[in-house]
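J.: Protein chains in written order, with numbering that gives the first Met the number 0: chain A, 0 to 141; chain B, 0 to 141.
2 protein chains.
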Amino acid sequence: MKTSESRFRRCMYFSSNALARKMERLANESWQRVDLSPSHAYLLMIAIEEPGVQPGTLAGELQLKPSTITRLIEKLEEKKLVVRFTEGKTTNVYATPKGKELLPQLKECLKDFYEGYTHVLGNEESAKLVANMNKLSDELPG
Amino acid sequence: MKTSESRFRRCMYFSSNALARKMERLANESWQRVDLSPSHAYLLMIAIEEPGVQPGTLAGELQLKPSTITRLIEKLEEKKLVVRFTEGKTTNVYATPKGKELLPQLKECLKDFYEGYTHVLGNEESAKLVANMNKLSDELPG
DNA sequence: TGATTATATTTGTATATACAAATATATTTT
DNA sequence: AAAATATATTTGTATATACAAATATAATCA
Numbered sequence: 000m001k002t003s004e005s006r007f008r009r010c011m012y013f014s015s016n017a018l019a020r021k022m023e024r025l026a027n028e029s030w031q032r033v034d035l036s037p038s039h040a041y042l043l044m045i046a047i048e049e050p051g052v053q054p055g056t057l058a059g060e061l062q063l064k065p066s067t068i069t070r071l072i073e074k075l076e077e078k079k080l081v082v083r084f085t086e087g088k089t090t091n092v093y094a095t096p097k098g099k100e101l102l103p104q105l106k107e108c109l110k111d112f113y114e115g116y117t118h119v120l121g122n123e124e125s126a127k128l129v130a131n132m133n134k135l136s137d138e139l140p141g
Numbered sequence: 000m001k002t003s004e005s006r007f008r009r010c011m012y013f014s015s016n017a018l019a020r021k022m023e024r025l026a027n028e029s030w031q032r033v034d035l036s037p038s039h040a041y042l043l044m045i046a047i048e049e050p051g052v053q054p055g056t057l058a059g060e061l062q063l064k065p066s067t068i069t070r071l072i073e074k075l076e077e078k079k080l081v082v083r084f085t086e087g088k089t090t091n092v093y094a095t096p097k098g099k100e101l102l103p104q105l106k107e108c109l110k111d112f113y114e115g116y117t118h119v120l121g122n123e124e125s126a127k128l129v130a131n132m133n134k135l136s137d138e139l140p141g
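1) Using a Cβ-Cβ cut-off of 7 Å (strictly less than) and excluding sequence neighbours within five positions of residue 16/A, which residues of its own chain qualify?
2) Under 8 Å between C-beta atoms, does residue 7/A make it to chain B?
3) Return the residue from the list 54/A, 116/A, 119/A, 83/A that minimises the CA-CA distance to residue 66/A.
4) Please name the residue, chosen from 3/B, 75/B, 128/B, 18/B, that lies closest to residue 101/B on a Cα-to-Cα basis.
5) Can you find a heavy atom of the ligand ADP that lies under 7 Å from the Cβ of residue 133/A?
6) Going by alpha carbons, who is nearest to residue 22/B out of 79/B, 9/B, 36/B, 43/B?
7) Following the continuous beta strand (DSSP E) through residue 86/A, name the residue where it begins and the one where it ends.
8) So that I know if they touch, is there some Cβ in chain B lying closer than 8 Å to that of residue 2/A?
9) Counting only beta-carbon separations shorter than 8 Å, does residue 25/A have a partner in chain B?
10) Would you say residue 93/B reaches chain A, if we count a Cβ-Cβ gap shorter than 8 Å as a contact?
11) Given a threshold of 16 other Cβ atoms within 10 Å of its Cβ, counted over all protein chains shown, does residue 39/B qualify as buried or as exposed?
12) Flag this pair as yes or no: are the beta carbons of residue 139/B and residue 120/A separated by less than 8 Å?
13) So which residues of chain B does residue 60/A contact, with C-beta pairs closer than 8 Å?
14) Report the CB separation of residue 91/B from residue 51/B in whole angstroms; it is logged as a contact under 8 Å.
15) Taking 8 Å as the limit between beta carbons, can you name the residues of its chain near residue 29/A, skipping five residues before and five after?
16) Mind checking who residue 52/A pairs with in its DSSP beta bridge?
17) Does DSSP put residue 7/A in a helix, a strand or coil?
18) Does residue 52/B come within less than 8 Å of chain A when only Cβ atoms are used?
19) Specify the secondary structure class of residue 35/A as computed by DSSP and reduced to three states.
20) Thinking C-beta only, is residue 2/B closer than 8 Å to residue 133/A?
21) Comparing the C-beta of residue 137/B with each C-beta of chain A, is any distance below 8 Å?
22) On a Cα-Cα basis, can you pick out the residue from 32/A, 14/A, 0/A, 5/A that is closest to residue 105/A?
23) Less than 8 Å between the beta carbons of residue 126/A and residue 43/A, yes or no?
24) Classify residue 110/B as helix, strand or coil using the three-state DSSP reduction.
25) Is DSSP giving residue 121/B helix, strand or coil here?
26) Identify which residue in 131/B, 64/B, 47/B, 63/B has its Cα closest to the Cα of residue 98/B.
27) Can the beta-carbon of residue 135/B be found less than 8 Å from the beta-carbon of residue 131/A?
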């Protein structure tokens, strides 16, 4: 059944969740080539472009909770794609050479992903949709 | 950091996920009064209004996978809010009297939830946003 | 009618994320 | 400088959902 045919087609709860899951699925496919989940891939990209970035900053950029960031970094460390140095209360995250090598592939995946969804609504409409989702997100409590 | 300030503010992956999580949070608050998660509450509402509804139908209406529906029903059965009768390959789900009693409260929660987000963009813009999210969802593969 | 295929549901396991509490350090106040 | 407070991160645990395989039944075909 299509979302637009469900009895809850006017409910943002279902629409936003259904869309997010579709996007998750699409993004997973896009980053499968580098064997990373989308969130891991985005985190790695930031760590490459912003050496020494701290978990708190990553949480802000990725719109995730600090505890989630810790878990993401752990996995990337296991894969030897980033390293973490803790000094005092702060932690700095750096991409390893192995991680940095992935950058061109990561950018390719990103491009594929964007193309995977922008063609549906077109460039302009997609941008508007994202902007409205952001507006709502930002003005909602929490 | 606001979504609109993140370096990925133009990326649907983050926008849709961030919005869905905000909605999840808001919805959880709305249905806390009846001690149900939003998905459980919506499932119960359908079971009340459509006695004997089958898991497959619920999956379509709620935009969730059948396996997820099974898990939701299990929990509602534990709480004695629905019962399930299996005959052959089909299963029918019915709200119990205890479940039916909740209907007025469920509708109240639903109303609160809607009000919780529609005021941000206004009625019309909210409707448009939902419609666009549905359109994208429906036309995406998967 | 027996074999094959299709449909409906459930079960075992995995992923993505969050909440709350714990830890550790830094900053401010008195 | 000691006490109180604030900040950054991690850890233990929980939730929501999905995937893949298993189970069970029904429908179709040969």
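The C-beta atom is built at its ideal place from N, Cα and C for all residues, glycine as well. Model, not experiment: these values are computed from the prediction.
T.: Let's see:
1) Close CB contacts of residue 16/A within its chain, under the 7 Å cut and outside five residues either way in sequence, are absent.
2) Using a Cβ-Cβ cut-off of 8 Å, residue 7/A counts as an interface residue toward chain B, since at least one Cβ of chain B sits closer than that to its own.
3) Cα-wise, what sits closest to residue 66/A is 54/A.
4) The shortest C-alpha separation from residue 101/B is found at 75/B.
5) The ligand ADP is not among the ligands present in this structure, which contains no ligands whatsoever.
6) With distances taken between Cα atoms, residue 22/B lies closest to 36/B.
7) In the DSSP assignment, residue 86/A falls within the beta strand (DSSP E) that extends over 81-86.
8) Yes, residue 2/A counts as interfacial toward chain B.
9) So yes, residue 25/A belongs to the interface.
10) Not an interface residue.
11) With 16 or more other Cβ atoms within 10 Å, it is buried.
12) For residue 139/B and residue 120/A, no; Cβs fall outside 8 Å.
13) Taking the beta carbon of residue 60/A as reference, the chain B residues within 8 Å of it are 0, 5, 6, 7, listed in sequence order.
14) Sure, about 4 Å apart at Cβ, within 8 Å.
15) Excluding the 5 residues flanking it on each side, residue 29/A has same chain C-beta neighbours closer than 8 Å at 37, 108, 109, 111, 112, 115, in chain order.
16) According to the DSSP secondary-structure assignment, residue 52/A is paired through a beta bridge with 92/A.
17) Residue 7/A: coil per DSSP, three-state reduction.
18) Taking Cβ atoms only, chain A never reaches closer than 8 Å to residue 52/B, which makes this a no.
19) If DSSP states are grouped into helix, strand and coil, residue 35/A belongs with coil.
20) In terms of Cβ geometry, residue 133/A and residue 2/B form a close pair [threshold 8 Å].
21) Interface residue, yes.
22) Distance from the Cα of residue 105/A is smallest, within the candidate group 32/A, 14/A, 0/A, 5/A, for 32/A.
23) No.
24) For residue 110/B, the secondary structure class from DSSP, reduced to helix, strand or coil, is helix.
25) Three-state result, residue 121/B: coil.
26) The shortest Cα separation from residue 98/B among 131/B, 64/B, 47/B, 63/B belongs to 47/B.
27) No, the pair does not count as a contact, with Cβ atoms beyond the cut-off.
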